[in-house]
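Some notes on the structure that comes next.
There are 4 protein chains.
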Amino acid sequence: MATQMIIINGGSSSGKSGIVRCLQAVLPDPWLAFGVDSFVDAMPARMRASTEGLEITADGGVSVGADFMELQTAWMRGVVAMARAGARVIVDDVFLGGAATQQRWQKLLGELDVLWVGVRCEGAVAAGREIARGDRVQGMAASQAEMVHDGVIYDVEVDTTRTESLACARTIAAQVG
Amino acid sequence: MATQMIIINGGSSSGKSGIVRCLQAVLPDPWLAFGVDSFVDAMPARMRASTEGLEITADGGVSVGADFMELQTAWMRGVVAMARAGARVIVDDVFLGGAATQQRWQKLLGELDVLWVGVRCEGAVAAGREIARGDRVQGMAASQAEMVHDGVIYDVEVDTTRTESLACARTIAAQVG
Amino acid sequence: MATQMIIINGGSSSGKSGIVRCLQAVLPDPWLAFGVDSFVDAMPARMRASTEGLEITADGGVSVGADFMELQTAWMRGVVAMARAGARVIVDDVFLGGAATQQRWQKLLGELDVLWVGVRCEGAVAAGREIARGDRVQGMAASQAEMVHDGVIYDVEVDTTRTESLACARTIAAQVG
Amino acid sequence: MATQMIIINGGSSSGKSGIVRCLQAVLPDPWLAFGVDSFVDAMPARMRASTEGLEITADGGVSVGADFMELQTAWMRGVVAMARAGARVIVDDVFLGGAATQQRWQKLLGELDVLWVGVRCEGAVAAGREIARGDRVQGMAASQAEMVHDGVIYDVEVDTTRTESLACARTIAAQVG
């Protein structure tokens, strides 16, 4: 059966967005791309710095509250519905809960044919890229590098530490049915 | 019954985005905001300048192809699914087909309680704001100012020509059940 | 003598940037535009939240430290040098020190022919636009609306409270020699 | 004598901006960063697609006209004036004319103590990163990869093909007097 959805998980500054843009370029069919960043952009500004919404501490720690989780679940359902309606959908996410976050997705996916992708990057390298991009709180990359993969099961894994985004995208694209 | 979705229609540079941000600020519950701009951002880059996707001519004319329409319908279904799953959702759209675009939405909405909002702005004023924002092809604002409202039926209409975004948002918020 | 530089002063969210883009569009010659925002973008990221650099409090108060002032003076000299070298230059600034900031500029301008422009906007209206743009700390617009004009002398003043950016730009352009 | 200015030259998508942000982070003193991108942002919008200004062809070719060159020279003088006034300044540029562009800078620099930096990246790798960033016309990276270095003399060269931005920045910082 044809792949209907690609779910990409990786820590902050691991290179997910670049891989997604390359995937959209190399896959022959048009794929829509959504992710945790576009979800956060959709939230009210006041939720981006609140206990109920999203909090980012000075050392790059991230915690999310009840409102965030509730809205995110509804957003996940909607993204799944787009794939079910025939749009090919790529999602890039940060599984803050590791395996538990994967299970949140799995409960909503039903019979959808999903390709699970892990994007790894050594913490020290991701931390350097966090400085180079200049728009993230320092510390987020290092703290998320390992924990987001904890217990998660993938169909394909790539590592951006020494491999370019485009090469990673080609490895992933080769697994798209 | 409580309003589950707010669909806002208006031409380019009519002030929709500012109204949406004000609505998110004045409404007591958290509302997620999506729109034609976030949909276009989700498309592959190559579709943003293609016959099958989205084409913007040098004078600001916009035409969309078969792939665009197909993906957009799936995206609309997904956004509706988010509202059905309990997220309060604001959508800002440009009804290039006027009443026909409203009917595309209505076919997907089912029993959802939707507030339809028209955002008007005199063409000459919108054209001036298009110059002031500096990131749009000139001509788009003027060409869309009237046509997007053709035959569309609203619950509430606001006009940004002489009314600030925040005041418009308050008028709309007063109609949210 | 021909105007060589246009210095525009106004509080946060008073509409300076929109006026600058309209000025660049309506003036027949090409004018370069710089401002306090592009200066802040040029600083190291770590100076954007430090006692020595720039600090923005939760209520929108702004304070600048010794390093900021020193680098800013060098930046001002450079911008003046561009105008002296023949580039027509528009600067939009926020005179946090009112008349004292104008005097900082005047000491560097020498014989340059400068058009001084004040951009006013009622505090309550600017505060609403601050919510509508969504990328500024709330409170900045209201706190700066009056104080930046304190004791400053202008060649031309515009008020965006009820006048569009493009109309304001035309009023200013009419004074450009 | 202490380095007063760092001029970084490299083709599109070779990684200059990331290196600049890392340099600003690792250098103990505050350095201001300007570059061809901030210069282009300062130009009137209409010059970004005109024979007299800047033209980018569909295959990523770049040509600049008389107005562009004239304004750019004035801008270069201004940036040099900032360094002379005591600000430490990093400039990232694309030497479209190779050695001739370096000579344009040298004529303006006088006695300033400048560190010349070449940023290299294999054309094929830069072309892949151009796809990954998604905001550049494809072809620009490959066409500029070699030509911008033609005849240019450097104090230090780095190659981002297999070296991270932060490591490149450290190599450069070690040469800053």
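Protein chains in written order, with the numbering used here: chain A, 1 to 177; chain B, 178 to 354; chain C, 355 to 531; chain D, 532 to 708. Even glycine gets a Cβ: it sits at the ideal position worked out from N, Cα and C.
Relative to Q72 of chain A, the option among B:S240, B:I233 and B:A264 whose CA is nearest is B:A264. Looking at D:N540, D:A533 and D:A657, the one whose alpha-carbon comes closest to that of G591 of chain D is D:A657. DSSP places S497 of chain C inside the alpha helix (DSSP H), whose first and last residues are M494 to Q498. For D244 of chain B, the closest Cβ of chain A is nearer than 8 Å. Around L109 of chain A, the same chain offers V80 as residues with beta carbons nearer than 7 Å, after the five sequence neighbours per side are excluded. Residue range A597 to R615 is occupied by the alpha helix (DSSP H) that includes D598 of chain D, with no beta strand (DSSP E) assigned at that position.
In the three-state reduction of the DSSP assignment, D447 of chain C falls in the strand class, which pools E and B. The residues L115, D155 and V156, in chain order, have a CB closer than 7 Å to that of Q175 of chain A in the same chain once the five nearest residues on each side in sequence are set aside.
Three or more pairs of CB atoms, one per stretch, sit closer than 8 Å, so the stretch 618-627 of chain D contacts the stretch 537-551 of chain D. Under a criterion of Cβ atoms nearer than 8 Å, no residue of chain D is adjacent to S519 of chain C; the nearest Cβ is some 14 Å distant. Within chain D, L563, A564, F565 and S569 have C-beta atoms less than 8 Å from the C-beta of A396 of chain C, given in sequence order. Residues of chain C whose Cβ lies closer than 8 Å to the Cβ of G134 of chain A are, in chain order, A399.
Closest by C-alpha distance to S404 of chain C, out of C:G389, C:R375 and C:D421, is C:D421. Contact between the stretch 626-635 of chain D and the stretch 517-525 of chain C is not established, with fewer than three Cβ pairs separated by less than 8 Å.
In this structure, the beta-carbon distance from A262 of chain B to A74 of chain A falls below 8 Å. The alpha-carbon of W282 of chain B is positioned some 15 Å away from that of M82 of chain A. Within chain C, the residues whose beta carbon sits less than 7 Å from that of V302 of chain B are E518, listed in sequence order. Using beta-carbon distances, L643 of chain D does not count as an interface residue toward chain C, since no partner is under 8 Å. Residues of the same chain with a CB within less than 7 Å of the CB of A704 of chain D, apart from the 5 flanking positions on each side, are L554, V557 and L558 in chain order. For E406 of chain C, no beta strand (DSSP E) segment is defined, and its DSSP state is neither H nor E. In the DSSP annotation of this structure, E307 of chain B is not part of any beta strand (DSSP E); the continuous alpha helix (DSSP H) holding it starts and ends at G300 to R310.
By the 16-neighbour rule on beta-carbons within 10 angstroms, E642 of chain D is exposed. Taking C-beta separations shorter than 6 Å and ignoring five residues to either side along the sequence, the partners of A145 of chain A in its chain run G11, G123 and A126, following chain order.
Taking a contact as a CB-CB distance under 8 Å, the pair S14 of chain A and R120 of chain A counts as one, their CB atoms being some 7 Å apart. Listed in chain order, the positions of the stretch 222-236 of chain B with a beta carbon within less than 9 Å of a beta carbon of chain C would be empty, since no residue qualifies.
For G546 of chain D, there is no enclosing alpha helix (DSSP H), as DSSP marks it with neither H nor E.
Going by beta carbons, L32 of chain A and M317 of chain B fall outside the 8 Å limit. For T692 of chain D, same chain residues with a beta-carbon under 6 Å away, outside a window of 5 residues either side, are C652, E653 and V656 in chain order. Contact note: V79 of chain A reaches chain B through G255, A258 and M259, using a C-beta cutoff of 9 Å and chain order. About 40 Å separates the beta carbons of A399 of chain C and G531 of chain C, which is beyond the 8 Å limit, so they are not a contact pair.
A residue is called buried once 16 or more other Cβ atoms fall within 10 Å of its Cβ, and A589 of chain D, having fewer, is exposed. Burial is judged here by how many other beta carbons sit within 10 angstroms of a residue's own beta carbon; G305 of chain B has at least 16 and is buried.
Remark: C-beta atoms of V567 of chain D and R579 of chain D do not approach each other more closely than 8 Å. Below the 8 Å Cβ cutoff, chain A contributes T73, A74, R77 and G78 as neighbours of A262 of chain B, in chain order. Take I196 of chain B, set aside five residues on each side of it, and the residues of its chain with a beta-carbon closer than 6 Å to its own are S342, C345 and A346, in chain order.
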